[in-house]
Ligand SMILES: [Zn+2]
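Chains as they are written, first to last, in the numbering used here: chain E, 13 to 392; chain D, 55 to 155.
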């Protein structure tokens, strides 16, 4: 059975209109359905944006933070410690989660007009002190969760500090929420690595935004301060030079590639989503350096438009490249400095912008319309 | 003979840590504790696949127990670990992190 392609599919409208006019009755019906579905999505997104604008006009109607304490347990969200407007408490992790989600909210709101993760004022919930010896942070689909690192091991054996210590990690986790509400990228293989990369991109931009750093001034390190002095390394990842963040006898070497020729094929980590994200990470870094200035302003906007309006759940690196290029053209003009910068960014990692519409999406659409290569061959 | 194979992948760093424990080779009190924790978790009756679909950066754990005539493997995430298994998970995680395989 042929499934209707995702309504978030990027459709070449001229092709659809052609089919709606000249196809068989079934093809015409399906083409019209697809056009209508795309229109509805656009209308919904427009409406969400307008509502967000109204919400933001109401004092306190936007940013709503809640920080909970799991007290080394695993029950979520745990005990509420600090909510929006409350003064700082004595627990550093609580204040870091509160402040970090605040800066993340501010970046998305001020740079892209986005009102929280769902663009509709969703509460920002964070839980700290999750489990004992939990050297990780995650987004559970509804909230952020942070561990305290290796606090349960002797000081000389600790590799990780508490995970709220790095602002870009907080930005990273929250961006998983944004992605979930937008392109909803799958969490395996290339779509998963893109999902990870968008989180690193906005995690890093949150840090740059807070420090008012230009692309040239930024360190492009993810998770600075997270590794203890026992580890030879500067952070978890480097967007500038993937693979160079750490090289340590115990932790091993940073496994990230920065070019398609070094793409890692593995079944672990959902197909290496935290590994191959180095490739799109570096494409963003190169683009931002080409454009110059504050990276969240133009490069961040191009990526944001791509995430919220163009990508779909199964997008590939090639599609992301093509669509960021398309977004740059729409925002800054065809052949603009910005659009050429996007092309250079992807070329640096071994991906050439194609002039074709994304194949995965187009293939599924053509199949849905009964216009696969095979079907077309038979109809002749 | 009892053998525990423990693997943790995913997480924010994507780094794998693992553990291969032969209970006969462990100090008797440690072997007893682990056996007890396995019993409390009713390990052989736990469902095999408990990986949460929407979690991002969460760890994914794979735990195998080989004992006499039985072998059972289960996969689960941070938010879907059965409560009865949590004490064992904490013990194994700490061993794996301290050892840094
Ligand atoms: Zn992530």
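Think of the CB as a built atom: it goes at the ideal place given N, C-alpha and C, for glycine as much as any other residue.
Q: Report the residue ranges of all beta strand (DSSP E) runs contained in full by the region 70 to 145 of chain D; include only those spanning at least 3 residues, in chain order.
A: 71 to 76, 113 to 121, 124 to 131
Q. Is the region 351 to 362 of chain E touching the region 214 to 230 of chain E in the sense that three or more CB pairs, one from each, lie closer than 8 Å?
A. no
Q.
Can you tell me which residues form a DSSP beta bridge with residue 63 (chain D)?
A. D:114
Q. Nearest chain E C-beta to residue 66 (chain D) closer than 7 Å, yes or no?
A. Closer than 7 Å to some Cβ of chain E, the Cβ of residue 66 (chain D) qualifies, so yes.
Q. If you draw a straight line from the alpha carbon of residue 180 (chain E) to that of residue 81 (chain D), how long is it in whole angstroms?
A. 43 Å
Q: Taking the CB atoms as reference points, tell me whether residue 108 (chain E) and residue 77 (chain E) lie closer together than 7 Å.
A: No, the Cβ-Cβ distance between residue 108 (chain E) and residue 77 (chain E) is not below 7 Å.
Q. Using a Cβ-Cβ distance under 7 Å, would residue 193 (chain E) count as near chain D?
A. The beta carbon of residue 193 (chain E) sits no closer than 7 Å to any beta carbon of chain D.
Q: Mind checking the region 137 to 149 of chain E against chain D and listing, in chain order, the residues whose C-beta falls within less than 7 Å of any C-beta there?
A: 144, 145, 147, 148, 149
Q) Which term fits residue 61 (chain D), buried or exposed, when burial requires 16 or more other beta carbons within 10 angstroms of its beta carbon? A) It is buried - the Cβ of residue 61 (chain D) has at least 16 other Cβ atoms within 10 Å.
(Q) Counting only Cβ pairs nearer than 7 Å, list the residues of chain D close to residue 153 (chain E). (A) 108, 109
Q) Hey, out of D:136, D:126, D:124, whose CA is closest to residue 87 (chain E)'s CA? A) Here the closest residue by C-alpha is D:136.
Q. How would you write the range of the alpha helix (DSSP H) that residue 355 (chain E) sits in, first residue to last?
A. 349 to 360
Q) Are the C-beta of residue 118 (chain D) and some C-beta of chain E separated by less than 7 Å? A) no
Q: For residue 269 (chain E), collect the residues of the same chain with a Cβ closer than 8 Å to its Cβ; drop the 5 residues on either side in sequence, then sort them by chain order.
A: 254, 255, 275, 276, 287, 288, 290, 291
Q. Leaving out the 5 sequence neighbours to the left and right, which residues in its chain are closer than 6 Å to residue 136 (chain E) when beta-carbon positions are compared?
A. These residues qualify, in order along the chain: 77, 113.
Q) Ordered along the chain, which non-local residues of its own chain (more than five positions away) have a Cβ less than 8 Å from that of residue 304 (chain E)? A) Same-chain partners within the cutoff: 226, 227, 228.
Q: Select from the region 291 to 317 of chain E all residues with a C-beta closer than 8 Å to any C-beta belonging to chain D, and list them in chain order.
A: Listed in sequence order: no entries.
Q) According to the Cβ coordinates, are residue 326 (chain E) and residue 149 (chain E) closer than 7 Å? A) Taking 7 Å as the Cβ cut-off, residue 326 (chain E) and residue 149 (chain E) do not qualify as a contacting pair.
Q.
Along the chain, where does the beta strand (DSSP E) containing residue 149 (chain E) start, and where does it finish?
A. 149 to 151
Q) Cβ of residue 110 (chain D) versus every heavy atom of ligand 1: is any distance shorter than 6 Å? A) yes
Q: Output the boundary residues of the alpha helix (DSSP H) element that contains residue 181 (chain E).
A: 179 to 193
Q) In whole angstroms, what separates the C-alpha of residue 166 (chain E) from that of residue 98 (chain E)? A) 35 Å
Q: Note down, in chain order, each residue of its chain lying with its Cβ closer than 6 Å to the Cβ of residue 161 (chain E), except the 5 sequence neighbours on either side.
A: 147, 172, 173, 174
**Q.** DSSP beta-bridge partners of residue 79 (chain E)
**A.** E:94, E:138
Q: Please check if any C-beta of chain E sits within less than 7 Å of the C-beta of residue 129 (chain D).
A: No, residue 129 (chain D) lies away from the interface with chain E (no Cβ there is under 7 Å from its Cβ).
(Q) Using 7 Å as the threshold, is the C-beta distance between residue 139 (chain E) and residue 157 (chain E) below it? (A) The Cβ atoms of residue 139 (chain E) and residue 157 (chain E) lie closer than 7 Å to each other.
**Q.** chain E contact residues for residue 56 (chain D), given Cβ-Cβ distances below 9 Å
**A.** Taking a Cβ-Cβ threshold of 9 Å, none of the residues of chain E is close to residue 56 (chain D); the smallest such distance is about 24 Å.
Q: List the endpoints of the continuous beta strand (DSSP E) containing residue 115 (chain E).
A: Residue 115 (chain E) -> not in any beta strand (DSSP E); alpha helix (DSSP H) instead, spanning 104 to 124.
Q: Could you list the residues in the region 249 to 283 of chain E with a C-beta less than 8 Å from some C-beta on chain D, going in chain order?
A: 262, 263, 264, 267, 280, 281, 282
Q) Taking a cut of 7 Å between CB atoms, which residues from the region 138 to 154 of chain D lie near chain E? A) 140, 144, 147, 148, 151, 152, 154
Q.
Could you check whether the Cβ of residue 287 (chain E) sits closer than 7 Å to any Cβ belonging to chain D?
A. Yes, residue 287 (chain E) lies at the interface with chain D (some Cβ there is under 7 Å from its Cβ).
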